[in-house]
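Enquirer:
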Amino acid sequence: MEGGIFSGFGNGTQVDGKVLQTFQKSFGQVQEILDHNRLLINEINQNHESKIPDNLSRNVGLIKELNNNIRRVVDLYADLSSSFTRSMEASSEGDSAGTFRSDGKASQKRIRSG
């Protein structure tokens, strides 16, 4: 993603490809959840407007699902924030580089000189 939002920062730091993949994956998950929430909200509104007892009862479960989805989005953003902070801290250190394992967690790898 040459020239994209994560390709470089004001201090010239380049973002590792794995870091970028982790961010893209997380943002994709967030977008999927938000799209699903939009559908849930539409269904909740329709059920509410219908005033049919079964539909109103169904809303209880839909609202619980919506709340759980919102928690998941908050957790994903918190993980993204932590990952971003760790990657920036690691890239600002002169003698080490931050990397991300396949599970998306940051790890530190020492670079040997000479």
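Just so we're aligned: the sequence shown equals residues 12 to 125 in the working numbering.
Cβ atoms here follow ideal geometry from the backbone N, Cα and C, with glycine treated the same way.
Suppose you measure from the CA of isoleucine 44 to the CA of valine 84; what does that come to, to the nearest Å?
Expert: Going by the C-alpha atoms only, they are around 7 Å apart.
Enquirer: Taking the Cβ atom as the reference point for each residue, do leucine 67 and glutamate 54 lie within a distance shorter than 9 Å?
Expert: no
Enquirer: To the nearest whole angstrom, what separates the beta carbons of leucine 87 and glutamine 57, a pair I think is in contact under 8 Å?
Expert: Leucine 87 to glutamine 57, Cβ: 28 Å. No contact.
Enquirer: By DSSP, does aspartate 65 sit in helix, in strand, or in coil?
Expert: helix
Enquirer: CA-CA distance, asparagine 48 and glutamate 100?
Expert: 34 Å
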